[in-house]
């Protein structure tokens, strides 16, 4: 019972992906944060898209998710 895999967004500290066999930690890049709205959603969507394709190792899926969420933080929202 319970979750088999967990993805945890840690903001400027990156993210964790935890499975029954391993813990993957990814660091967020440094830079000027302009807007964090929906960056966690962007990270999750990017991670899941790669993870569900099944072509990349889990650690690479995490990096892809962190990169997507991070790039989302450097742009101002459109009005």
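Numbering (the numbering used here), first residue to last: 3 to 81.
Note that the Cβ used here is the ideal one computed from N, Cα and C, for glycine as well.
Under the Cβ criterion (8 Å, minimum of three pairs), the segment 45-52 does not count as touching the segment 24-35.
Taking the C-beta atoms as reference points, residue 68 is found no nearer than 8 Å to residue 5. Per DSSP, the unbroken beta strand (DSSP E) holding residue 26 starts and ends at 25-28.
Under the three-state reduction of DSSP, residue 70 is assigned to helix. In the three-state scheme derived from DSSP, where H, G and I count as helix and E and B as strand, residue 46 is classed as helix.
Per DSSP, the beta bridge partners of residue 17 are 11 and 28.
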